[in-house]
Structure formats: C-alpha cells, structure tokens
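In the numbering used here, the protein residues as written are 317 to 439.
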C-alpha cells in the first residue's frame, strides 16, 4: 500500500515543483523526499497538510482541495487484509488536512462506493 501512496504523492508534488525554491531548508527536505519517493510514513501522513501550507504561503491565499475516490484505498485494503493499517494511515492523513481550516477555502471529498439505500435506512 505505502509504495502506491508514495507514487501518487510524488506525482501530486511534481505538479507543484515551482514552489520548491521558496521553501525553507526543512520543508524543502520533506518536499524532496516525497518527490524522490523516499518519504517517511510521517512525511506521507502529513503530505496533504504540508502541501496546503506550502501553497498558502506561496500564493498568499487559501487552497481548494479536491480528493476524488478517497475511499478506494480503503476498499482495496479491506479486500487485501490490511484494512486496519490503511484506516489508521488515511484517518490521520485526512484529519490533519481537515483540521487546518485557515489553509483551506474549500475541501471536497468524493467517494466511489455506491451506498445501498437499504443499508442507510438501517443506520
């Protein structure tokens, strides 16, 4: 799972390489570890939060974050018996992003799983 996450995060960070020269030494180290796919678990866990912070500093305005199919990794984890580990990782990742309201103008999380109306009625 973590190999795929590192790859997706590296692809995301590539789109924002233009901000790298403006980062301080510490943030640049984290940014480059994500780009080079050598990120630690902590780097990956806080990667969306950090990227939002970097973009806020660079552009001087709040970010709009769109996360499509946020539930897909959890569905895959469930099918491959590492659901508990994945839940912990993505819980902290999304929570760290959602708790920085000063960085965000809007966040939209879209899921891919179609909910059964009967199951909803049972809740």
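Note that the Cβ used here is the ideal one computed from N, Cα and C, for glycine as well.
- Approximately 10 angstroms separates the beta-carbon atoms of residue 364 and residue 419; this is outside 8 angstroms, ruling out the contact.
- The C-beta separation of residue 353 from residue 323 comes to about 7 angstroms, placing the pair in contact by the 8 angstroms criterion.
- Here residue 371 is not near residue 423, since their CB atoms are 8 angstroms or more apart.
- Membership of residue 383 in the beta strand (DSSP E) is indicated by the continuous run 379-384.
- Spanning the alpha carbons of residue 337 and residue 408 requires a straight line of approximately 28 angstroms.
- For the segment 351-376, the continuous alpha helix (DSSP H) assignments of 4+ residues that do not extend past its boundaries occur at 357-361 and 363-375, in sequence order.
- The distance from the Cβ of residue 349 to that of residue 340 is about 15 angstroms, inconsistent with a contact at the 8 angstroms cut-off.
- For a cut-off of 8 angstroms, the C-beta gap from residue 361 to residue 405 is around 7 angstroms, short enough to register as a contact.
- DSSP places residue 419 outside any alpha helix (DSSP H), giving it a letter other than H or E.
- In the DSSP assignment, residue 390 falls within the unbroken alpha helix (DSSP H) covering 388-395.
- Judged by DSSP secondary structure, residue 320 falls within the alpha helix (DSSP H) whose first and last residues are 318-330.
- Between residue 421 and the set 325, 378 and 319, the nearest pair of CA atoms involves 378.
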